[in-house]
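Counting from 1, position 165 in the sequence shown corresponds to residue 944 in the numbering used here; the numbering is continuous, with no gaps.
Structure first, commentary second.
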Amino acid sequence: MYFFKLFLILPMLCSLANAKNYFKLHDDMCDGTRIYQCKNDFNSVRNLQIALNRDKNMHVSLREDGKWGQKTKDAVIAFQKKYKLSHTDGWVGKETKTKLDCISKKIKFPKDKKVKNISILKHQNYATYTDFRKHVNLRKSYQVFKNHTLLCKANAKNTHVKIDVSEQRIKLLVNGKIALDAPCTTGAKHKFEPNTKTYRDKHTPLGTYRIMEKVAAKKSTIFGEMYRNGKKIYHGDRRKYKGPKAKYVGHVMHHWMRLTSGGIGLHASKYVKRYPGSNGCVRLQPKIARIIFSKVKKGTKVSIVN
780 MYFFKLFLIL PMLCSLANAK NYFKLHDDMC DGTRIYQCKN DFNSVRNLQI
830 ALNRDKNMHV SLREDGKWGQ KTKDAVIAFQ KKYKLSHTDG WVGKETKTKL
880 DCISKKIKFP KDKKVKNISI LKHQNYATYT DFRKHVNLRK SYQVFKNHTL
930 LCKANAKNTH VKIDVSEQRI KLLVNGKIAL DAPCTTGAKH KFEPNTKTYR
980 DKHTPLGTYR IMEKVAAKKS TIFGEMYRNG KKIYHGDRRK YKGPKAKYVG
1030 HVMHHWMRLT SGGIGLHASK YVKRYPGSNG CVRLQPKIAR IIFSKVKKGT
1080 KVSIVN
C-alpha cells in the first residue's frame, strides 16, 4: 500500500518541480548569432511573455503570441536591468531563466501546444538581407533569401557569384547587391576514395574564376549507373562498383557551370548538406541551381572565399 501511494505521489512531485523550474528546463531564447541559433519555440516564448507581463516590478504589456521579436527582446533587457543581472543583452540564458523561474513560481502556465517551429522558420520571409543575416544561423540553416526585385533586374551582364566555404552558402549579386543567398555544399578536405581506399583532400579551391562552360544537362564521369546486358545492376559511385564488367552511363548533372579545366564546377544536387562533402564541385539545391544558371553566362565572375 505504501509503495502504491508513493507511486501516485511521485508524478505529482515531478510535475510540481517542472512547474517551478519551467524556464530552466527549456532552451535559451535569443536573436541568435552566426554560430548559434536559438529555437525560440512557441511555448517557451509564450510563457516568457506571460511571466514578464505578470511581474509586478515590470510595466510591460506584451502580446502573448509565442513569437520572439524586438518587443519581447526589449522587455527581457528591461527585466535583466531591473534585477541587475550580469547580462543585459536580451539573451534568455541560464541566469535569466533562473530569475524567471523565481518570479513565476505562482504562475500556472497554459498547457504546451504542439507547434512545428521548423516549418514556420523555413517559410519566414525577411524584408532585407541585413535582417536575414541577423536572424538566421547561416552555417546551419537551409533558409534561402531572395530579393525578387533584384533578381528581375539580373541580365547575366550585371551578376557576380560568391561562394563562402566557411558558411557553406552561395550568393548571387546583382549590381553589387545580394539578390540570393542559399545553402550549398563544397568539397571535403578528407574525402574517402573507394578505389584507392585512401583519404584525399578534395576541398574546393579558393580564388576568383570565370564560368567556362554552361550545360543544362551534363553527364558525370563519376556518378551514374552500371548496365549489363541492357539491365541496370548498380547505381552510385562507379569507383565503389566491384561487380563484373559492365557499361557505365554517367548521371546527369543539371545546370552545370564549369569553373576549372580540372572538372570543378557548380551543379544541381539533392545532396546539399550543411558541411563540406563533395569531391570538389559545389552542389546546389535544384531550384537554386536553376535560378543561378539562368542569371549568369560564360565569363561571369565567381569568387570562392573562406
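C-beta: ideal position from N, C-alpha, C; glycine also.
Delimiting residues of the beta strand (DSSP E) encompassing D943:
Start at 1 with the first residue of the sequence shown, and residue 943 comes out as number 164. In the DSSP annotation of this structure, the continuous segment of the beta strand (DSSP E) that includes D943 starts and ends at 938-943.
Once DSSP output is grouped into helix, strand and coil, what is the label at Y905?
Numbered from 1 along the sequence shown, position 126 holds the residue referred to as residue 905. Y905 falls in the coil class under three-state DSSP.
Confirm, please, whether the CB-CB distance from S1048 to R1037 is below 8 Å.
The residue given as residue 1037 occupies position 258 in the sequence shown. The residue given as residue 1048 occupies position 269 in the sequence shown. Cβ distance not < 8 Å, so R1037 and S1048 don't count as in contact.
Taking just the CA atoms, how far does N800 sit from F888?
Start at 1 with the first residue of the sequence shown, and residue 888 comes out as number 109. Start at 1 with the first residue of the sequence shown, and residue 800 comes out as number 21. Their Cα atoms are separated by approximately 12 Å.
Beta-carbon separation (whole angstroms), D960 vs Y908, contact threshold 8 Å
Taking the first residue of the sequence shown as position 1, residue 960 is located at position 181. Taking the first residue of the sequence shown as position 1, residue 908 is located at position 129. Indeed, because the Cβ distance is near 7 Å, the residues count as touching under 8 Å.
What residue range does the beta strand (DSSP E) around K1011 cover?
Position 232 of the sequence shown holds residue 1011. 1010-1016 is the extent of the beta strand (DSSP E) around K1011.
Go to K1049, then tell me how far its alpha helix (DSSP H) extends in each direction, as first and last residue.
As a position in the sequence shown, residue 1049 is number 270, starting the count at 1. It is not in any alpha helix (DSSP H) - K1049 carries neither H nor E in the DSSP assignment.
Quick one: using the 10 Å Cβ neighbour count with 16 as the cut-off for buried, is K1066 buried or exposed?
Walking along the sequence shown from the start, residue 1066 turns up at place 287. By the 10 Å Cβ count, K1066 comes out exposed.
Across the stretch 946-958 and the stretch 841-851, are there enough close Cβ pairs to call them in contact, namely three or more that are closer than 8 Å?
no
For the structure I just gave you, are there three or more beta carbon pairs, one from the stretch 1074-1081 and one from the stretch 977-985, closer than 8 Å?
no
Whole angstroms is fine: what's the gap from L804's alpha carbon to V1084's?
The residue you call residue 804 lines up with position 25 of the sequence shown. The residue you call residue 1084 lines up with position 305 of the sequence shown. Cα to Cα, L804 sits roughly 40 Å from V1084.
Enclosing alpha helix (DSSP H) for A854 [first to last residue]:
Within the sequence shown, residue 854 is the residue found at index 75, counting from 1. Element bounds for A854: 849-861.
Starting from Q803, trace the beta strand (DSSP E) both ways and give me its first and last residue.
Looking up residue 803 in the sequence shown gives position 24. For the record, residue 803 in the displayed sequence is Lys; it is not Gln. Unbroken run through K803: none, as it is neither H nor E.
Is C881 buried or exposed, if buried means 16 or more other CB atoms sit within 10 Å of its CB?
In the sequence shown, the residue the question calls residue 881 occupies position 102. By the neighbour-count rule (16 or more Cβ atoms within 10 Å), C881 is not buried but exposed.
For R1017 and C1001, believed in contact at Cβ under 8 Å, the rounded distance
Within the sequence shown, numbered from 1, the residue matching residue 1001 stands at position 222. Within the sequence shown, numbered from 1, the residue matching residue 1017 stands at position 238. Checking the sequence shown, residue 1001 turns out to be Ile, not Cys. The Cβ separation is near 6 Å, so the contact holds.
When the distance is taken between beta carbons, is P1055 closer than 8 Å to G966?
On the sequence shown, residue 966 is found 187 positions in, with the first residue counted as 1. On the sequence shown, residue 1055 is found 276 positions in, with the first residue counted as 1. Yes; because the gap between Cβ atoms is below 8 Å, this pair is in contact.
Is G1078 helix, strand or coil when you go by DSSP?
Along the sequence shown, read from residue 1 onward, the residue named residue 1078 stands at position 299. G1078 falls in the coil class under three-state DSSP.
When you compare the CB positions of N954 and N937, do they come within less than 8 Å of one another, or not?
Within the sequence shown, the letter at position 175 stands for residue 954. Within the sequence shown, the letter at position 158 stands for residue 937. The answer is yes: Cβ separation under 8 Å.
Using 8 Å for Cβ pairs, my map puts K1052 next to T964. What's the rounded Cβ distance?
Against the sequence shown, residue 1052 aligns to sequence position 273. Against the sequence shown, residue 964 aligns to sequence position 185. Their Cβ separation, rounded to whole angstroms, is 5 Å, which keeps K1052 and T964 in contact under 8 Å.
Go ahead and pull the three-state DSSP assignment for E992.
The residue you call residue 992 lines up with position 213 of the sequence shown. Looking at E992 - three-state DSSP - the assignment turns out to be strand.
Do M837 and F821 have their C-beta atoms within less than 8 Å of each other?
To locate residue 837, count along the sequence shown from 1; it is residue 58. To locate residue 821, count along the sequence shown from 1; it is residue 42. Contact flag unset, no.
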